[in-house]
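*Asks:* Dropping the structure in here first, questions after.
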Amino acid sequence: MNFQEHLPALQVVLPLAAAPLAMLLRDRLAAFVPVLAATWAAFAVSVLMWLQVDATGPISYAIGSWAPPWGIEYRVDSLSALVLMLVSGVAAVVLPYSRASIEREIRQENHYLFYAMFALCLTGLLGIAITGDAFNLFVFLEISSLSSYVLIALGRDRRALVASYQYLIMGTIGATFIVIGVGLLYLKTGTLNLVDMGARLQEMTSHRPVLAALAFLTVGISLKLALFPLHQWLPNAYAYAPSAVSAFLAATATKVSVYALLRFYFSVFGETAVFQRLPMEDLMLILALAGMFVASTVAIFQDNLKRLFAYSSVAQVGYIVLGISFDSVTGLTATVVHLVNHAVTKGGLFLLLGAVMAGMGGVTLSRVHGLGRVMPLTAFGIVLCGLSLIGVPGTAGFVSKWYLILAALEKGQWWLVFLIVLSSLLAAAYVWRFVEAAYFRAPRADLVAVHEAPAGLAIPAWIMVGATIWFGLDTSVTVGSAARAAAMLLGTAQ
Amino acid sequence: MNPETLILAALAIPVLGSLAIVASRKLPNLREAATLTTAALLFLVVVQFLPGVLAGERPSARLLEVLPGLDLAFSIEPLGMLFALIASGLWIVNSIYSIGYLRGNDEKHQTRFYVCFALAIAAALAIAFAANVFTLFVFYELLTLITFPLVTHHGSDKAKAGGRTYLGLLVGTSVLFLLPALVFTWHVAGTTDFRPGGILDGRLEGFALGGLLALYMFGIGKAALMPFHRWLPAAMVAPTPVSALLHAVAVVKAGVFCVVKVVVYVFGLDALAGATGWLVGVAGFTIVAASLVALNADNLKRRLAYSTVSQLAYVVLAAALLAPLSVIGAALHIAAHALGKITLFFAAGAIYTAAHKTEVSQLDGIGRRMPWTMGAFAVGALSMIGLPPAAGFVSKWYMLSGAMAASHWPAVAVIAASTLLNAGYFLPILWRAFFRPTDDAQHPHGEAPLPMVIALTLTAAGTLALFFLPDVPLALARDMLGGMP
Numbered sequence: 111m112n113f114q115e116h117l118p119a120l121q122v123v124l125p126l127a128a129a130p131l132a133m134l135l136r137d138r139l140a141a142f143v144p145v146l147a148a149t150w151a152a153f154a155v156s157v158l159m160w161l162q163v164d165a166t167g168p169i170s171y172a173i174g175s176w177a178p179p180w181g182i183e184y185r186v187d188s189l190s191a192l193v194l195m196l197v198s199g200v201a202a203v204v205l206p207y208s209r210a211s212i213e214r215e216i217r218q219e220n221h222y223l224f225y226a227m228f229a230l231c232l233t234g235l236l237g238i239a240i241t242g243d244a245f246n247l248f249v250f251l252e253i254s255s256l257s258s259y260v261l262i263a264l265g266r267d268r269r270a271l272v273a274s275y276q277y278l279i280m281g282t283i284g285a286t287f288i289v290i291g292v293g294l295l296y297l298k299t300g301t302l303n304l305v306d307m308g309a310r311l312q313e314m315t316s317h318r319p320v321l322a323a324l325a326f327l328t329v330g331i332s333l334k335l336a337l338f339p340l341h342q343w344l345p346n347a348y349a350y351a352p353s354a355v356s357a358f359l360a361a362t363a364t365k366v367s368v369y370a371l372l373r374f375y376f377s378v379f380g381e382t383a384v385f386q387r388l389p390m391e392d393l394m395l396i397l398a399l400a401g402m403f404v405a406s407t408v409a410i411f412q413d414n415l416k417r418l419f420a421y422s423s424v425a426q427v428g429y430i431v432l433g434i435s436f437d438s439v440t441g442l443t444a445t446v447v448h449l450v451n452h453a454v455t456k457g458g459l460f461l462l463l464g465a466v467m468a469g470m471g472g473v474t475l476s477r478v479h480g481l482g483r484v485m486p487l488t489a490f491g492i493v494l495c496g497l498s499l500i501g502v503p504g505t506a507g508f509v510s511k512w513y514l515i516l517a518a519l520e521k522g523q524w525w526l527v528f529l530i531v532l533s534s535l536l537a538a539a540y541v542w543r544f545v546e547a548a549y550f551r552a553p554r555a556d557l558v559a560v561h562e563a564p565a566g567l568a569i570p571a572w573i574m575v576g577a578t579i580w581f582g583l584d585t586s587v588t589v590g591s592a593a594r595a596a597a598m599l600l601g602t603a604q
Numbered sequence: 006m007n008p009e010t011l012i013l014a015a016l017a018i019p020v021l022g023s024l025a026i027v028a029s030r031k032l033p034n035l036r037e038a039a040t041l042t043t044a045a046l047l048f049l050v051v052v053q054f055l056p057g058v059l060a061g062e063r064p065s066a067r068l069l070e071v072l073p074g075l076d077l078a079f080s081i082e083p084l085g086m087l088f089a090l091i092a093s094g095l096w097i098v099n100s101i102y103s104i105g106y107l108r109g110n111d112e113k114h115q116t117r118f119y120v121c122f123a124l125a126i127a128a129a130l131a132i133a134f135a136a137n138v139f140t141l142f143v144f145y146e147l148l149t150l151i152t153f154p155l156v157t158h159h160g161s162d163k164a165k166a167g168g169r170t171y172l173g174l175l176v177g178t179s180v181l182f183l184l185p186a187l188v189f190t191w192h193v194a195g196t197t198d199f200r201p202g203g204i205l206d207g208r209l210e211g212f213a214l215g216g217l218l219a220l221y222m223f224g225i226g227k228a229a230l231m232p233f234h235r236w237l238p239a240a241m242v243a244p245t246p247v248s249a250l251l252h253a254v255a256v257v258k259a260g261v262f263c264v265v266k267v268v269v270y271v272f273g274l275d276a277l278a279g280a281t282g283w284l285v286g287v288a289g290f291t292i293v294a295a296s297l298v299a300l301n302a303d304n305l306k307r308r309l310a311y312s313t314v315s316q317l318a319y320v321v322l323a324a325a326l327l328a329p330l331s332v333i334g335a336a337l338h339i340a341a342h343a344l345g346k347i348t349l350f351f352a353a354g355a356i357y358t359a360a361h362k363t364e365v366s367q368l369d370g371i372g373r374r375m376p377w378t379m380g381a382f383a384v385g386a387l388s389m390i391g392l393p394p395a396a397g398f399v400s401k402w403y404m405l406s407g408a409m410a411a412s413h414w415p416a417v418a419v420i421a422a423s424t425l426l427n428a429g430y431f432l433p434i435l436w437r438a439f440f441r442p443t444d445d446a447q448h449p450h451g452e453a454p455l456p457m458v459i460a461l462t463l464t465a466a467g468t469l470a471l472f473f474l475p476d477v478p479l480a481l482a483r484d485m486l487g488g489m490p
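So the sequences go chain by chain: F and V. Residue numbers for the first sequence follow our numbering, so the first one is 111 and each next one is one higher. Residue numbers for the second sequence follow our numbering, so the first one is 6 and each next one is one higher.
If you want it as structure tokens, here you go:
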């Protein structure tokens with residue numbers, strides 16, 4: 111019984127324990143400390159597990175020592191290790207930021223609530239990524255969803271309530287679809303363990319309930335990951351939530367949903383012949399392309415920067431799903447690597463927008479006129495993240511695009527190569543709108559005296575921006591892990 | 006210092022120089038001293054490589070591995086050496102000129118100007134030294150982005166519109182065509198390294214080969230091949246020193262440099278045989294069409310811009326002919342046109358600063374008021390037309406010889422016709438300047454500020470020197486093809 115052995119349990123238990131503690135303490139500083147400690151500890155745990163997986167292969171942990179498939183198994187392989195590290199890493203950066211950020215955006219008597227819900231949301235997201243049990247996954251999904259509804263609704267902007275309600279309805283429909291899918295699979299296989307389920311589905315590929323389960327799961331998870339056209343909840347939720355919440359959710363929530371999709375597709379259905387019976391690849395391809403183009407075009411015409419980049423997120427989800435549709439190692443590498451790259455890029459963007467919100471009092475394009483003059487560092491950071499969205503070399507976004515194009519070339523689909531690069535020009539168009547407002551317009555008369563963001567906001571934001579650049583230059587962690595994960599998912603590794 | 010550190014030092018010097026410029030922003034004299042020192046230091050470091058490269062060495066350095074097998078790496082081969090010498094050498098002269106121009110015209114944001122300029126030179130050097138297409142692409146994009154604040158320097162609506170065209174076309178072509186070309190090269194060859202003789206090893210032929218070539222040629226928008234040339238005249242809204250060094254030398258030469266580099270080191274001359282007919286056509290069309298536009302342009306900088314478009318197409322044409330002699334001519338023309346065109350732009354900026362004139366039709370009799378400026382202009386014009394004793398004659402000689410050796414008569418005709426057109430739009434300027442009476446006797450003015458006159462005299466002298474002493478560039482150009490003819 112050593113410490114190393116129980117890392118998988120600690121990963122989830124630490125933030126889970128911090129949440130009620132924050133509720134009980136009620137004071138905003140006293141609530142912050144345990145949540146911060148738990149978040150940083152969770153990040154440390156995820157790094158340790160990533161190293162362990164890298165060295166010795168997947169970790170299987172039986173909760174309460176009930177051996178799988180009867181008990182709940184926590185399973186950490188190269189994909190989940192990466193997602194765990196991403197989620198807890200983003201949380202570890204966003205939480206210190208939120209302390210300064212929610213000062214203005216959330217009423218003080220609700221601060222403890224924010225910290226508690228943040229811890230719960232983190233618990234849920236980490237749980238989804240670590241669990242090897244289908245029903246447990248659903249439970250964690252609900253934990254993260256319910257807490258994120260609260261987090262969004264905490265915003266002072268009253269439109270946040272509507273946004274949260276919209277998300278609640280859509281999210282609940284998605285969750286219901288997922289639980290129906292899981293139920294159908296349980297009905298057919300009699301097991302909830304994902305690995306076991308995958309093995310037992312082998313002989314049942316033609317059974318109608320299995321096909322129905324795939325359909326329910328696809329729709330349900332697609333709602334959560336905001337795949338076009340099921341993205342309607344996302345722009346408002348990101349736009350009106352408190353800045354720290356926008357950043358955290360934009361960087362993690364949809365990414366974990368992508369993880370769930372990959373899990374079900376490749377670990378459960380992957381071994382079976384289901385995909386030969388349903389045109390899933392074509393469907394994914396069409397929806398991904400539609401998302402890339404429609405959402406990017408809509409983004410160009412947004413006036414609120416948070417909404418603009420929220421629509422950009424929908425478009426970027428398109429890239430992620432496009433990678434899945436290739437059903438090749440390169441394609442999945444693109445998916446997984448973009449999962450990480452887009453998370454740090456968008457996380458950095460929303461953190462910087464929070465700083466803009468704090469300085470300029472709003473994030474509409476007309477308000478950020480002259481941002482390059484009054485908040486030069488923040489404006490420059492937004493441009494850097496924007497370049498990553500476009501996929502300029504030297505930024506993380508370029509690496510993702512490289513693998514996507516390579517995957518399209520491997521399939522010999524030239525038209526797709528051009529659609530991919532064309533959509534990055536759409537990204538250039540919406541980033542350009544910010545550049546023009548920030549650098550070619552004079553600041554509003556009442557905003558000339560605005561100063562650069564305080565360190566409490568700037569440092570976390572620049573950690574993310576730094577990661578965006580770093581992952582564009584040194585890809586040994588991101589691409590290395592992503593390639594291993596892709597090979598594992600397609601079963602070509604061992 | 007070993008070559009590896011020296012290469013990284015060469016790339017770091019302008020970057021560190023830009024920091025020094027920022028640090029001394031409150032003291033303009035110190036700031037300008039920082040620019041000049043950096044430029045001089047950089048040139049000295051670049052020259053260090055010359056003897057080694059001429060002796061057949063290929064100093065190289067690896068910065069980091071971005072993707073498995075895909076490095077950010079540098080290696081100095083003869084063509085890159087030539088380009089680096091031009092860019093870093095002319096940066097010194099241009100800095101002297103900039104000081105006179107920016108102060109003479111009371112330009113704003115001078116610190117930003119010098120910083121962006123230093124960083125642009127760093128990017129141009131990185132392009133010159135790039136060891137593979139990937140590194141080239143990275144710094145190619147960076148060069149576009151860094152020069153953008155220079156193009157929109159004035160911040161006016163006109164500058165904004167020009168900047169939009171500039172960024173739109175350069176980023177657009179590179180993302181739409183060059184990026185797929187890069188990934189496709191990687192996909193086919195498994196490497197993007199520049200190697201003598203090319204890296205495709207006959208894996209592509211017919212339509213795929215022509216397609217990849219087209220992606221490269223149109224993707225390298227900085228070479229301003231029609232129909233993607235419009236960014237170049239649009240960029241003329243920039244202050245003249247920017248037009249001079251960047252849009253006559255660093256940026257556009259980075260473009261044609263990439264073209265020659267890709268043709269020689271990615272495809273290989275032999276491998277392309279028969280696949281470049283359309284490219285000769287497009288380049289020939291660009292030469293003639295751009296000359297016709299220049300013929301009708303009254304704005305001096307616009308005329309020079311279209312002359313640049315036409316001259317860049319010479320390089321593309323010469324490379325597309327695939328004859329060793331013409332490819333040597335292409336490399337020489339990178340040097341010759343750089344010296345000649347920077348002189349012309351310097352003169353245009355000097356006229357603007359001293360006389361506030363921008364149109365050709367206003368230049369009556371100006372040669373008598375500004376003899377040094379217009380004398381230098383005459384030398385530059387001779388070089389553009391390709392007459393001795395200017396550098397343009399040498400490069401044109403090689404290009405023509407190559408075209409004849411390849412028995413490509415349409416190309417010969419294009420070169421001959423465009424020589425006439427060049428004469429048609431440059432000689433009238435000289436005639437006006439020296440032989441027409443001046444019409445503004447009540448607005449007396451003399452030469453531009455001294456730093457500007459010094460700068461344009463130096464580049465004009467360089468244009469003449471390159472005619473009499475073409476040994477170094479010629480040796481480099483020959484080495485590029487493995488010491489052939």
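Glycine included, C-beta positions come from ideal geometry on N, C-alpha and C.
According to DSSP, what are the bridge partners of residue 184 of chain F?
*Replies:* BP columns for residue 184 of chain F point to F/171 and F/241.
*Asks:* Can you tell me whether DSSP reads residue 67 of chain V as helix, strand or coil?
*Replies:* Note: residue 67 of chain V maps to strand in three-state DSSP.
*Asks:* Can the beta-carbon of residue 270 of chain F be found closer than 7 Å to that of residue 375 of chain F?
*Replies:* Taking 7 Å as the Cβ cut-off, residue 270 of chain F and residue 375 of chain F do not qualify as a contacting pair.
*Asks:* Report all residues from its chain with a CB closer than 8 Å to the CB of residue 451 of chain V; omit the five preceding and five following residues, and keep chain order.
*Replies:* Counting only Cβ-Cβ distances below 8 Å, and skipping sequence neighbours, we find 359, 374 and 375.
*Asks:* Mind listing, in chain order, the continuous alpha helix (DSSP H) runs of no fewer than 4 residues lying wholly within the region 186 to 256 of chain V?
*Replies:* Fully enclosed alpha helix (DSSP H) runs of 4 or longer: 211 to 224, 236 to 239 and 245 to 250.
*Asks:* Is it buried or exposed for residue 499 of chain V, if we count other Cβ within 10 angstroms and need 16 for buried?
*Replies:* Residue coverage of chain V in this structure runs from 6 to 490, which leaves residue 499 of chain V outside it and unanswerable.
*Asks:* Check whether the region 178 to 192 of chain F and the region 236 to 247 of chain F are in contact - that is, three or more C-beta pairs closer than 8 Å.
*Replies:* The answer is yes - the region 236 to 247 of chain F touches the region 178 to 192 of chain F, with three or more Cβ pairs under 8 Å.
*Asks:* Looking only at DSSP bridge pairs, what is residue 76 of chain V linked to?
*Replies:* Paired residue(s): V/70.
*Asks:* Where residue 107 of chain F and residue 253 of chain F are concerned, what is the direct C-alpha to C-alpha distance, given to the nearest angstrom?
*Replies:* Since the first and last residues shown for chain F are 111 and 604, residue 107 of chain F lies out of range.
*Asks:* I need the straight-line Cα distance from residue 264 of chain F to residue 141 of chain F, nearest angstrom please.
*Replies:* Computed Cα separation, rounded: 16 Å.
*Asks:* Comparing alpha-carbon positions, which option in V/88, V/118, V/53 and V/60 lies nearest residue 24 of chain V?
*Replies:* Selected option, being the one with the closest Cα: V/118.
*Asks:* Does residue 112 of chain F pass the burial test, meaning 16 or more other C-beta atoms within 10 Å, or should it be called exposed?
*Replies:* By the neighbour-count rule (16 or more Cβ atoms within 10 Å), residue 112 of chain F is not buried but exposed.
*Asks:* Does any residue of chain V have a CB that is nearer than 7 Å to the CB of residue 598 of chain F?
*Replies:* It does not: the Cβ of residue 598 of chain F has no partner Cβ on chain V nearer than 7 Å.
*Asks:* Helix, strand or coil for residue 123 of chain V per DSSP?
*Replies:* It is helical.
*Asks:* So, using beta-carbon positions, are residue 440 of chain F and residue 517 of chain F closer together than 7 Å?
*Replies:* Yes. Within cutoff.
*Asks:* Taking the alpha-carbon positions, what's the residue 500 of chain F to residue 174 of chain V distance?
*Replies:* Approximately 15 Å between the Cα atoms of the pair.
*Asks:* Check whether the Cβ atoms of residue 5 of chain V and residue 79 of chain V sit closer than 7 Å, and answer yes or no.
*Replies:* Outside the shown range of chain V, which is 6 to 490, sits residue 5 of chain V, and nothing can be said about it.
*Asks:* With the cut-off set at 7 Å, would you say residue 225 of chain F and residue 147 of chain F are in Cβ contact?
*Replies:* Not closer than 7 Å, so no.
*Asks:* Looking at the C-beta of residue 515 of chain F, does it have a partner C-beta in chain V at a distance below 7 Å?
*Replies:* Yes - at least one Cβ of chain V is within 7 Å of the one on residue 515 of chain F.
*Asks:* Check whether chain F comes within 7 Å of residue 489 of chain V, counting only Cβ atoms and requiring the distance to be less than that.
*Replies:* With a pLDDT of only 45 at residue 489 of chain V, under 50, the local geometry of the prediction cannot be trusted, and the value read off the model is given with reservation. Answer no: the Cβ-Cβ gap between residue 489 of chain V and chain F never drops below 7 Å.
*Asks:* Between residue 227 of chain F and residue 257 of chain F, is the Cβ-Cβ spacing less than 7 Å?
*Replies:* Yes, these two residues count as a Cβ contact at 7 Å.
*Asks:* Going along the chain, which residues of the region 310 to 327 of chain V sit with their C-beta nearer than 7 Å to a C-beta in chain F?
*Replies:* Those would be none; no residue qualifies.
*Asks:* Do you know how far the Cα of residue 419 of chain V is from the Cα of residue 435 of chain V?
*Replies:* When rounded, the distance between both Cα atoms is 24 Å.
*Asks:* Against chain F, which members of the region 179 to 211 of chain V pass a CB distance test of less than 8 Å?
*Replies:* Those would be 180, 181, 184, 185, 188, 189, 191 and 192, in chain order.
*Asks:* Mind checking who residue 304 of chain V pairs with in its DSSP beta bridge?
*Replies:* Note: residue 304 of chain V sits in a beta bridge opposite V/364.
*Asks:* Given that residue 187 of chain F touches chain V, what residues does it touch there, using C-beta distances under 8 Å?
*Replies:* Going along chain V, no residue has its Cβ under 8 Å from residue 187 of chain F, so there is no contact; the nearest lies around 21 Å.
*Asks:* Taking all protein chains shown into account, decide if residue 601 of chain F is buried (16 or more other Cβ within 10 angstroms of its Cβ) or exposed.
*Replies:* Exposed, since its Cβ has fewer than 16 Cβ neighbours within 10 Å.
*Asks:* Residue 112 of chain V touches chain F at which residues, Cβ-Cβ below 9 Å?
*Replies:* Here the premise fails: no neighbours, minimum Cβ distance about 17 Å.
*Asks:* Can you tell me the Cα-Cα spacing of residue 45 of chain V and residue 162 of chain V, whole angstroms?
*Replies:* Answer to the nearest angstrom: the Cα atoms are 36 Å apart.
*Asks:* Tell me the rounded alpha-carbon separation between residue 455 of chain V and residue 36 of chain V.
*Replies:* Approximately 19 Å, taken between the alpha carbons.
*Asks:* Decide if the region 298 to 308 of chain V is in contact with the region 253 to 270 of chain V; the criterion is three or more beta carbon pairs, one per stretch, under 8 Å apart.
*Replies:* These segments do not touch.
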